[in-house]
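Notes for the one structure printed next.
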Amino acid sequence: MDLAHLQAIAEQEKQRQRAIRLHCCTSTGCQAAESLQVKDNLKKAIEKKGLGDRVEVVGVGCMGFCGRGPLVQVEPERKLYEEVTPEDAESIINALEGGKATAKEGDPDHPFFARQMRIVREHSGEIDPERIEEYIAVGGYQALYKALYEMTPATVIEEITKSGLRGRGGGGYPTGLKWATVAKMPGNQKYVICNADEGDPGAFMDRSVLESDPHLVLEGMAIAGYAVGANHGYIYVRAEYPLAIKRLQKAIQQAKQNGVLGTQILESPFDFKIDIRIGAGAFVCGEETALIQSIEGGRGNPRPRPPYPAERGLRGCPTLINNVETFANIKAIITKGADWYSSIGTANSKGTKIFALTGKIKNNGLIEVPMGITLREIVLEMGGGVPDGGEVKAVQTGGPSGGCIPASLLDTPVDYDSLLKIGSMMGSGGMVVMDQNTSMVEVAQFYMEFCREETCGKCIPCRTGTVQLHNLLTKLLDKRATTQDLELMESLCQMVKETSLCGLGQTAPNPVLSTWRYFRDEYLALVKA
Amino acid sequence: MSVKTLTINDTPVAVEAGATILEAAKQAGITIPTLCHLEGVSDVGACRLCLVEIKGINKLLPACVTEVAEGMEVQTETAKLREYRKMTVELLFSEGNHVCSVCVANGACELQDMAVTVGMDHSRFSYRFPDRPIDISHPSFAIDHNRCILCTRCVRVCAEIEGAHVWDVANRGEKCYVISGLDQPWGEVNACTSCGKCVEACPTGAIFHKGETTGEKTSDPGLLDFLVTARKKQQWIR
Numbered sequence: 046m047d048l049a050h051l052q053a054i055a056e057q058e059k060q061r062q063r064a065i066r067l068h069c070c071t072s073t074g075c076q077a078a079e080s081l082q083v084k085d086n087l088k089k090a091i092e093k094k095g096l097g098d099r100v101e102v103v104g105v106g107c108m109g110f111c112g113r114g115p116l117v118q119v120e121p122e123r124k125l126y127e128e129v130t131p132e133d134a135e136s137i138i139n140a141l142e143g144g145k146a147t148a149k150e151g152d153p154d155h156p157f158f159a160r161q162m163r164i165v166r167e168h169s170g171e172i173d174p175e176r177i178e179e180y181i182a183v184g185g186y187q188a189l190y191k192a193l194y195e196m197t198p199a200t201v202i203e204e205i206t207k208s209g210l211r212g213r214g215g216g217g218y219p220t221g222l223k224w225a226t227v228a229k230m231p232g233n234q235k236y237v238i239c240n241a242d243e244g245d246p247g248a249f250m251d252r253s254v255l256e257s258d259p260h261l262v263l264e265g266m267a268i269a270g271y272a273v274g275a276n277h278g279y280i281y282v283r284a285e286y287p288l289a290i291k292r293l294q295k296a297i298q299q300a301k302q303n304g305v306l307g308t309q310i311l312e313s314p315f316d317f318k319i320d321i322r323i324g325a326g327a328f329v330c331g332e333e334t335a336l337i338q339s340i341e342g343g344r345g346n347p348r349p350r351p352p353y354p355a356e357r358g359l360r361g362c363p364t365l366i367n368n369v370e371t372f373a374n375i376k377a378i379i380t381k382g383a384d385w386y387s388s389i390g391t392a393n394s395k396g397t398k399i400f401a402l403t404g405k406i407k408n409n410g411l412i413e414v415p416m417g418i419t420l421r422e423i424v425l426e427m428g429g430g431v432p433d434g435g436e437v438k439a440v441q442t443g444g445p446s447g448g449c450i451p452a453s454l455l456d457t458p459v460d461y462d463s464l465l466k467i468g469s470m471m472g473s474g475g476m477v478v479m480d481q482n483t484s485m486v487e488v489a490q491f492y493m494e495f496c497r498e499e500t501c502g503k504c505i506p507c508r509t510g511t512v513q514l515h516n517l518l519t520k521l522l523d524k525r526a527t528t529q530d531l532e533l534m535e536s537l538c539q540m541v542k543e544t545s546l547c548g549l550g551q552t553a554p555n556p557v558l559s560t561w562r563y564f565r566d567e568y569l570a571l572v573k574a
Numbered sequence: 020m021s022v023k024t025l026t027i028n029d030t031p032v033a034v035e036a037g038a039t040i041l042e043a044a045k046q047a048g049i050t051i052p053t054l055c056h057l058e059g060v061s062d063v064g065a066c067r068l069c070l071v072e073i074k075g076i077n078k079l080l081p082a083c084v085t086e087v088a089e090g091m092e093v094q095t096e097t098a099k100l101r102e103y104r105k106m107t108v109e110l111l112f113s114e115g116n117h118v119c120s121v122c123v124a125n126g127a128c129e130l131q132d133m134a135v136t137v138g139m140d141h142s143r144f145s146y147r148f149p150d151r152p153i154d155i156s157h158p159s160f161a162i163d164h165n166r167c168i169l170c171t172r173c174v175r176v177c178a179e180i181e182g183a184h185v186w187d188v189a190n191r192g193e194k195c196y197v198i199s200g201l202d203q204p205w206g207e208v209n210a211c212t213s214c215g216k217c218v219e220a221c222p223t224g225a226i227f228h229k230g231e232t233t234g235e236k237t238s239d240p241g242l243l244d245f246l247v248t249a250r251k252k253q254q255w256i257r
């Protein structure tokens, strides 16, 4: 397969596509609300009306507005239907010819959509994730071609470095620097790993990317492999994402059949294969060294860094490990260039970030926004604020590693450094909104319970510190704690943060520390009289 | 062989490149507290007692796995480190059932010694009194999980020196415990050669010779390093 073939597939697919396409979401959330039945009924209605030659229904990935699913969008007129039931299907087809649909009509220009900037999710909800032809038709694997034929590994890395892309898994390490380090390491065997062990409560960005546009991640990984000199990649995905796994398997198979993965990719001398490894339900396996141990077949325990995986990773070889969303950004950077990418965002945080907007908020779902947008814009304008006239009390970002940001700081721009400064972090993209009825101590207790259950148990501060912190918070909520207990809690938080072995323990106290910082009154009010 | 020079607690030290801070400190006569470290087996950096401060690095790093670098300025006894070590030992005491007065290792226990070293006389954290079993199925040895601090020395000794890999860790977090075989009674594990190295490696009274009573266990952790040196260098020295 060469470029001409790629273009031929794209052309053929465009010919095949009908003039009117009904996008029906088939992601996990919408599937749970009978979207597959909706899709079937739409198909039947099209056949019944004999519209098959100009109308088709396409099972697509996530459109984002998950709170109002199942969603159906009619293209090219952009008409959006929300909370569609299987019974609505026939009327939607009738509406194509002037009838009235029984389904609730949504607003495709709602701020929830209009304020977004879609780079990673550009084709999410528009293409069928189970057909590589649709991906190729929207320019898929052109970036890989460009990298292989028009760029050297060094220029690819230079482009990624110049783009200012930072790791989307939470830490925000400069991606170009990571790639350059792996590329410079000696050795013939190197690996690329995609971390798809998304585990923060309330976060489902990576799942959505994998379910909606799996080839985007594969293409990003292949480009990374070319850049750093690796010919073997792994995707470590959690077992709780069966649909993502199924679609990845299908995508890898189709990519191999079409010569964009495997040996002599696009008729170049570059080989790259990708294997899937399925996690067994441990949150800590999202930590890179634990993840690597898990792929090797060992117990998913982190090990001290340095040496970093870039130096000594999988099977002792230099290993590049990036998150799903990071890889999903690569295609756009290679296609449109670093200058374009770095024009988006703030000085030190470039590009866009996907957030899973959940909690006490009107518009639940996934949004992709440019870095630098304020929390206020996200929560109040896009999210529509708290339902039923409630008030936003705090926003939690970064999951169990992040913190609670009080409403008074809603004007904080969303970028790596600003969030860190106020005691939270970007994290992988979970954003939980809390209203005035939320007890912040209970929130802290919830996250501490999560860490208590998910710590691997290797190092003492994390294994036992989280238990003691959870006990202290429980004691406080039972109104049995004294001010000495609070002092002990604070010093234990510092200790766990500074002495734990890996990121899990080092960040576990953040939800407590941030609520202690901004909602101290609530803690003090619970102290035993 | 190239040499690196550094300072530990303002004392200049010259040590071969590739050595860890812990090894450098030892050569300079400076003691850094450790529990999971054992001469002769690999290091895991789990007990966090050997954490040190290094100028210019904002994280505390474990001396047992951090390699020395030229010009490094290491501090091992700052107020912060002392406080954290004490807390670590308190946490260890709070998570198990460590009752010295009835323990086989009373008087020869590294955890007990560590408590004395860091000046811990009580725990600020509530004791958790976990319900943990004792396994006496092995004809010669026994394991009392109440006294286990999960340092995994037995795991490493068995896997790396004896080559049997009888021990490993099961479960997660506070539910972690050391298992023999595939979580079988120790006496039923065919892979166990009854060599007793785990008994010598255990820093507390968790793994002991059957028949020992209060204060009778004296383990010999130096034996492991002796064996490794003998095997690798054919030097039978202690």
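Which chain is which? The protein sequence lines are A and B, in order.
Under this note's numbering, the first residue of the first sequence is numbered 46, with each subsequent residue one higher.
Under this note's numbering, the first residue of the second sequence is numbered 20, with each subsequent residue one higher.
Idealized CB from N, CA, C, for every residue including glycine.
None of the values given here were measured: they were computed from a predicted structure.
Your pair residue 160/B and residue 228/B checks out as a contact, with CB atoms roughly 6 angstroms apart and the cut at 8 angstroms. Scanning chain B for C-beta atoms nearer than 9 angstroms to the C-beta of residue 540/A yields 102, 103, 106, 107 and 110, reported in chain order. Cα atoms of residue 458/A and residue 442/A: separation of roughly 13 angstroms, rounded to the nearest angstrom. Annotation for residue 219/B: 238, 239, 240, 242 and 243 place their beta carbon closer than 7 angstroms to its own, counting only its chain and skipping 5 residues before and after.
Beta-bridge pairing by DSSP links residue 164/A to no other residue.
Residue 53/B is bridged by DSSP to nothing; it lacks a bridge partner. Rounded to whole angstroms, residue 150/A and residue 179/A show a C-alpha spacing of 27 angstroms.
Only those residues of the stretch 126-157 of chain B whose C-beta falls short of 8 angstroms from the nearest C-beta of chain A are listed: 143, 144, 145 and 147. Restricted to the stretch 425-489 of chain A, the beta strand (DSSP E) segments that are unbroken, complete and at least 3 residues in length are 437-442, 448-451 and 475-480, listed in chain order. Under the DSSP assignment, residue 199/B falls outside any alpha helix (DSSP H), being part of the beta strand (DSSP E) whose first and last residues are 196-199.
Per DSSP, reduced to three states, the secondary structure at residue 83/B is coil, with no helix or strand assignment. Within the model, the alpha-carbon separation for residue 82/A versus residue 164/B is close to 54 angstroms.
In the DSSP annotation of this structure, residue 68/B is not part of any beta strand (DSSP E), being labelled neither H nor E. Among the residues of chain A, those whose CB is under 8 angstroms from the CB of residue 65/B are 503, 504, 505 and 546, following chain order. At a cut-off of 8 angstroms between C-beta atoms, residue 327/A counts as an interface residue with respect to chain B. Restricting attention to beta strand (DSSP E) runs no shorter than 3 residues, the stretch 237-304 of chain A encloses them at 277-283, ordered along the chain. Remark: C-beta atoms of residue 236/A and residue 359/A approach each other more closely than 8 angstroms.
Excluding its 5 nearest sequence neighbours in each direction, residue 211/B has C-beta neighbours in its own chain below 6 angstroms: 185, listed in chain order.
Against residue 72/B, chain A offers no close residue; the least beta-carbon distance is about 10 angstroms (beta-carbon pairs closer than 7 angstroms). Here residue 571/A carries a coil assignment [DSSP, helix/strand/coil]. Counting C-beta pairs closer than 8 angstroms gives fewer than three between the stretch 128-140 of chain A and the stretch 186-203 of chain A, which falls short of the contact rule. Relative to residue 24/B, the option among 74/B, 89/B and 145/B whose CA is nearest is 89/B. Just so you know, the alpha carbons of residue 67/B and residue 124/A end up roughly 59 angstroms apart. In the three-state DSSP reduction, residue 126/A falls in the strand class (E or B). Contact check for residue 108/A and residue 170/A: beta-carbon distance about 3 angstroms, within the 8 angstroms limit, so the pair qualifies.
Approximately 15 angstroms separates the beta-carbon atoms of residue 478/A and residue 414/A; this is outside 8 angstroms, ruling out the contact. Between residue 213/B and chain A, the shortest Cβ-Cβ separation is not below 8 angstroms. Taking C-beta separations shorter than 7 angstroms and ignoring five residues to either side along the sequence, the partners of residue 28/B in its chain run 49, 94, 95 and 96, following chain order. Shown here, residue 555/A sits in a helix according to DSSP, grouped into three states. A Cβ-Cβ contact shorter than 8 angstroms links residue 471/A with residue 215/A. For the pair residue 71/A and residue 84/A, the CB atoms are nearer than the 8 angstroms cut-off. The residue among 160/A, 258/A and 545/A with its C-alpha nearest the C-alpha of residue 376/A is 258/A. Taken atom to atom, the span from the alpha-carbon of residue 302/A to that of residue 276/A is near 17 angstroms. Every alpha helix (DSSP H) stretch that sits fully inside the stretch 139-163 of chain A and reaches 4 residues is listed by chain position as 156-159. The alpha-carbon separation between residue 514/A and residue 210/A amounts to approximately 36 angstroms.
Taking residue 112/A as the centre and dropping the five residues before and after it, the same chain places the C-beta of 408, 409 and 410 closer than 7 angstroms to its C-beta, in chain order.
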